[in-house]
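>
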Amino acid sequence: MRILVTGGAGFIGTHLCNRLIKEGHEVICLDNFFTGQKNNIENLLNNTQFELIRHDITQPILLEVDQIYNLACPASPIHYQYNPVKTIKTNILGTLNMLGLAKRVRARILQASTSEVYGDPLQHPQKEEYWGNVNPIGIRSCYDEGKRAAETLMMDYHRQNKVDTRIIRIFNTYGPFMHENDGRVVSNFIVQALRKQDITVYGDGSQTRSFCYVDDLVDGMIKMMNKDNFIGPVNLGNPEEYKVIELAEKVIKMTGSSSKIVFKPLPENDPTRRRPDISLAKEKLDWQPSVPVEEGLRKTIEYFRQVVNKSN
Ligand code: NAD
Ligand code: UDP
1444 MRILVTGGAG FIGTHLCNRL IKEGHEVICL DNFFTGQKNN IENLLNNTQF
1494 ELIRHDITQP ILLEVDQIYN LACPASPIHY QYNPVKTIKT NILGTLNMLG
1544 LAKRVRARIL QASTSEVYGD PLQHPQKEEY WGNVNPIGIR SCYDEGKRAA
1594 ETLMMDYHRQ NKVDTRIIRI FNTYGPFMHE NDGRVVSNFI VQALRKQDIT
1644 VYGDGSQTRS FCYVDDLVDG MIKMMNKDNF IGPVNLGNPE EYKVIELAEK
1694 VIKMTGSSSK IVFKPLPEND PTRRRPDISL AKEKLDWQPS VPVEEGLRKT
1744 IEYFRQVVNK SN
């Protein structure tokens, strides 16, 4: 198949492009390089199955493809809050453009949505039927509400125009190829530990997240894309839940670092608890994560060791 991956030079996109190429597909990677990097996909640049286009999805594009994975959007709070108007444009205009493309060429389209659609959840763990608790006017809204609107667009194009849509709600995912300055918790803690800098825990560190290794996530994404008669939304994440402070301690231990934990103010609207209920993914996709957090962290630490050594 010919497959379009928007945001293909970002963290998850890099893994997805590599997997799809390995499976024998032709891949078109489309990226504006806001948070993605050419270095990530350097190994693919001379591959005849691979094509890279610098393009911003807020602008329309004409292509002929069979499937579209719509991943383009900065995912780290510091990056999506850098230019919030652009973030919401990417989610709304960008998704509209990709849906228009899917409609025109009759491609199947998968939207990378997020656990953030549940906001600061009042139900725990989060099931797909939960409508969420999102602040519509806060500093995270450009992302949370943007992704909610993107889900709405997917459903309306499906109902109104019979576009073949899929929605996945991704929970915190980590692994190699995250940017060293990405700003999300796993990369921050590992890079800080390797540089022997203070580990910055926001708030008292009692807030929880559930961390999924990227290979597991990509398996789930591909399963969902190729599943017939199930459009989602479906949660994809690892249901093992950790306090942020526990993650900090684990990273210090695993890196053997002398870093100290310091406490910084909790960002506004930072969700208190987050853990996916993945019963639906198990039932419909026969999917569940298989990489334990220790193993995923070990691989991620190895990756960042090389990155940090290079930049020293
Ligand atoms: P990332 O920031 O590493 O990658 C995003 C990519 O999209 C980058 O390559 C960036 O340059 C590109 N991009 C941003 N705006 C664009 C635009 N207007 N046009 C073209 N390209 C654009 O983030 P990621 O972690 O790889 O996330 C990928 C997708 O998965 C995002 O849609 C994100 O919302 C979603 N997601 C990720 C997580 C996670 O934990 N990693 C969790 C929930 C949802
Ligand atoms: N966090 C932290 N220190 C950091 C970065 C993040 O304590 O250096 C916290 C953050 O406040 C949040 C959790 O870790 O409670 C996950 O943050 P991240 O930005 O990775 O993702 P999100 O908040 O979008 O789930």
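Here the numbering used here runs 1443 ahead of the position in the sequence shown, where the first position is 1.
In this text, a Cβ means the ideal position worked out from N, Cα and C, and glycines have one as well.
Keep in mind that this is a model prediction, so the values were computed, not measured.
1) Buried or exposed for Gln-1603, please, with buried defined as at least 16 other CB atoms from any protein chain shown within 10 angstroms of its CB.
2) Could you name the residues of the same chain whose beta carbon sits closer than 6 Å to that of Asp-1607, not counting the 5 residues immediately before and after it, in chain order?
3) Out of Glu-1683, Val-1677 and Thr-1501, point me to the one whose CA is closest to Leu-1544's CA.
4) For Asp-1474, which residues does DSSP report across the bridge?
5) For the 8 Å Cβ check, are there 3 or more pairs between the stretch 1709-1723 and the stretch 1640-1660?
6) Answer with buried or exposed for Phe-1476, where buried requires no fewer than 16 other C-beta atoms within 10 angstroms of its C-beta.
7) Would the C-beta of Gly-1479 count as close to the ligand NAD, meaning under 7 Å from any of its heavy atoms?
8) According to DSSP, is Cys-1655 helix, strand or coil?
9) For the beta strand (DSSP E) holding Arg-1609, just list the boundary residues, first then last.
10) Kindly indicate the opening and closing residues of the alpha helix (DSSP H) around Glu-1684.
11) Report whether the distance from the Cβ of Ser-1519 to the nearest heavy atom of the ligand UDP is below 7 Å.
12) Count the C-beta pairs between the stretch 1734-1752 and the stretch 1687-1705 that are closer than 8 Å, then say yes if the count reaches three, no if not.
13) Grouping DSSP H, G and I as helix and E and B as strand, with all else coil, what is Lys-1727?
14) With hydrogens ignored, establish whether the beta-carbon of Phe-1476 is closer than 7 Å to any heavy atom of the ligand NAD.
15) Pick out whichever of Leu-1506, Ile-1704, Gly-1680 and Asp-1599 has its Cα sitting closest to the Cα of Pro-1732.
16) Quick one: Cα of Ile-1704 to Cα of Gly-1450, how far?
17) Compare the beta carbon distance of Thr-1533 and Ala-1515 with 8 Å and say whether it is the shorter of the two.
18) Any chance the stretch 1628-1642 sits against the stretch 1664-1682, with 3 or more Cβ pairs inside 8 Å?
19) Does the beta-carbon of Thr-1595 have 16 or more other beta-carbons within 10 angstroms, so that it is buried, or is it exposed?
20) Kindly give me the distance between the Cβ atoms of Ala-1452 and Asn-1483, rounded to whole angstroms, as I take these residues to be in contact under 8 Å.
21) With DSSP collapsed to three states, give me the class of Glu-1469.
22) So, with DSSP's three-state summary, where would you put Tyr-1645?
23) Look at Tyr-1437 and Gly-1575 and say whether their C-beta atoms are less than 8 Å apart.
24) With C-beta atoms as the reference, is Ser-1701 less than 8 Å away from Asp-1641?
25) In the structure shown, what three-state DSSP assignment does Ser-1700 receive?
26) Could you compute how far the alpha carbon of Asn-1526 sits from the alpha carbon of Ala-1592?
27) When you measure from the CB of Pro-1710 to every non-hydrogen atom of the ligand UDP, does any distance come out below 7 Å?
28) How about Val-1508 and Arg-1445: are their beta carbons less than 8 Å apart?
29) Tell me the residue span of the beta strand (DSSP E) that contains Gln-1554.
This is what the structure gives:
1) Exposed: under 16 other Cβ atoms inside 10 Å.
2) Cβ neighbours of Asp-1607 beyond the five flanking positions: Arg-1551.
3) In terms of Cα proximity to Leu-1544, the closest of Glu-1683, Val-1677 and Thr-1501 is Thr-1501.
4) Its beta-bridge partners are Arg-1497.
5) These segments touch.
6) Exposed is the label assigned to Phe-1476, since fewer than 16 other Cβ atoms lie within 10 Å of its Cβ.
7) At least one heavy atom of the ligand NAD is nearer than 7 Å to the Cβ of Gly-1479, so yes.
8) In the structure shown, Cys-1655 sits in a strand (DSSP, three-state: E or B).
9) 1608-1613 is the extent of the beta strand (DSSP E) around Arg-1609.
10) It is not in any alpha helix (DSSP H) - Glu-1684 instead sits in the beta strand (DSSP E) that spans 1684-1686.
11) Yes, since a heavy atom of the ligand UDP falls inside the 7 Å radius drawn around the Cβ of Ser-1519.
12) Enough Cβ pairs lie closer than 8 Å, so yes.
13) Residue state for Lys-1727 is assigned as helix, using DSSP reduced to three classes.
14) For the ligand NAD, at least one heavy atom lies less than 7 Å from the Cβ of Phe-1476.
15) Its Cα nearest to that of Pro-1732, the residue Gly-1680 stands out among Leu-1506, Ile-1704, Gly-1680 and Asp-1599.
16) Gly-1450 has its alpha-carbon roughly 33 Å from the corresponding atom of Ile-1704.
17) Against a cut-off of 8 Å, the Cβ pair of Ala-1515 and Thr-1533 comes out as a contact.
18) These segments do not touch.
19) Residue environment for Thr-1595: exposed (fewer than 16 other C-beta atoms within 10 angstroms of its C-beta).
20) Separation of the CB atoms of Ala-1452 and Asn-1483 is rounded to 5 Å, and the pair is thereby assigned contact status at 8 Å.
21) Looking at Glu-1469 - three-state DSSP - the assignment turns out to be strand.
22) Residue state, collapsed to three classes: strand.
23) This structure gives no information on residue 1437, because the portion of the chain shown stretches from 1444 to 1755.
24) Contact annotation: Ser-1701 and Asp-1641 have beta-carbon atoms that are not nearer than 8 Å.
25) Ser-1700: coil per DSSP, three-state reduction.
26) One C-alpha to the other measures close to 18 Å.
27) Yes, the beta carbon of Pro-1710 sits closer than 7 Å to at least one heavy atom of the ligand UDP.
28) With contacts defined by Cβ atoms closer than 8 Å, Val-1508 and Arg-1445 form a contacting pair.
29) Judged by DSSP secondary structure, Gln-1554 falls within the beta strand (DSSP E) whose first and last residues are 1551-1557.
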